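Residues in the sequence shown are numbered from 3 upward in steps of one, following our numbering.
Right, one structure below, let's go through it.
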Amino acid sequence: MHRYFPVRGLRICGAPVYVHWTVMVVAVALLAYSIKAPIAALATLASYFGILLLHESGHAWFARRLGCRPHSIHVGLFHGRCTYDTPAHDWTRSVVAWGGVLAQFAVAIPLVLLDQLTGAGHLPVLGPMIAYLGYLSTFVAVVNLAPAPGLDGAQAWRVFRLRRGPPGPSAEVHQPPVKPIRSHLRRVK
């Protein structure tokens with residue numbers, strides 16, 4: 003992919019992580035603009051790009067668990083991409099498609115609950131993290147599940163129509179004939 007730079011020392015599920023140059027430009031601009039509140043700016047920046055990295059990490063984790071080696075994770079300004087070995091079956095591809103949004107929900111739901119129960123979203127550093135990794139991440143995950151080309155939902159929802167494993171010649175279930183059980187015990191007279 004063009005204009006992506008490796009993040010040295012960062013590998014997720016064995017896959018190297020690459021960041022688009024626009025991410026670095028926006029990060030520097032945001033930090034320069036927020037010079038009076040650099041901690042809040044860093045928390046906001048880390049949380050926003052954390053959504054993308056978390057999502058792609060979910061794909062990588064599911065791919066690896068299903069036997070498809072992750073090759074790379076690319077994070078752009080508004081989207082990401084996880085490349086992995088091509089699965090042998092559509093069912094596997096559909097499960098991997100769910101990986102990104104499930105990873106987002108696994109982080110977002112506890113953060114939203116924390117905010118709802120304690121009001122932690124009003125704290126200076128936790129506020130941006132809860133807003134981005136909680137509320138915004140949930141919204142992004144739901145939108146990403148739309149069955150539209152270019153979104154995970156185009157593949158993810160197919161998991162409910164597909165069988166696990168290779169397709170057989172027929173959808174019928176064939177049972178082998180039942181053989182009588184022979185007793186190895188002798189009859190005692």
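Where a beta carbon is used, it is the ideal one built from N, C-alpha and C, also for glycine.
Treat the numbers as computed from the prediction; the structure is a model and nothing was measured.
I believe residue i touches residue j by the beta-carbon criterion, under 8 Å. Please report the beta-carbon distance rounded to the nearest angstrom.
i	j	result
residue 147	residue 113	At roughly 19 Å, the Cβ-Cβ gap does not stay under 8 Å, so residue 147 and residue 113 are not in contact.
residue 32	residue 47	6 Å
residue 86	residue 72	5 Å
In terms of DSSP beta bridges, what is residue i paired with?
i	result
residue 7	21
residue 2	This structure leaves residue 2 out entirely; the chain is present only between 3 and 191.
residue 132	BP columns for residue 132 are empty, so no partner.
Could you spell out the range, first to last residue, of the beta strand (DSSP E) harbouring residue i?
i	result
residue 75	72–77
residue 60	Segment 40–67 is the alpha helix (DSSP H) holding residue 60; no beta strand (DSSP E) there.
Within a Cβ cutoff of 6 Å, which residues of the same chain sit near residue i, ignoring the five residues on either side of it in sequence?
i	result
residue 116	122
residue 83	76
residue 6	20, 22, 76
Less than 8 Å between C-beta atoms, sequence neighbours within five positions excluded: which residues of the same chain meet that for residue i?
i	result
residue 110	135, 136, 137, 139, 140, 143
residue 127	41, 42, 45
residue 13	19
Would you give the residue range spanned by the alpha helix (DSSP H) that residue i belongs to?
i	result
residue 36	No alpha helix (DSSP H) holds residue 36; DSSP gives it neither H nor E.
residue 108	92–120
residue 161	That residue, residue 161, is in no alpha helix (DSSP H); it is neither H nor E in DSSP.
residue 144	139–146
Among residues of its own chain, excluding the 5 on either side of residue i, which ones have a beta-carbon nearer than 7 Å to its beta-carbon?
i	result
residue 8	18, 20
residue 159	149
Q) Is it true that the region 93–100 meets the region 9–22, where meeting means three or more beta-carbon pairs spaced less than 8 Å apart? A) no
Q) How do the region 20–29 and the region 67–79 stand: do at least 3 beta-carbon pairs fall below 8 Å, yes or no? A) yes
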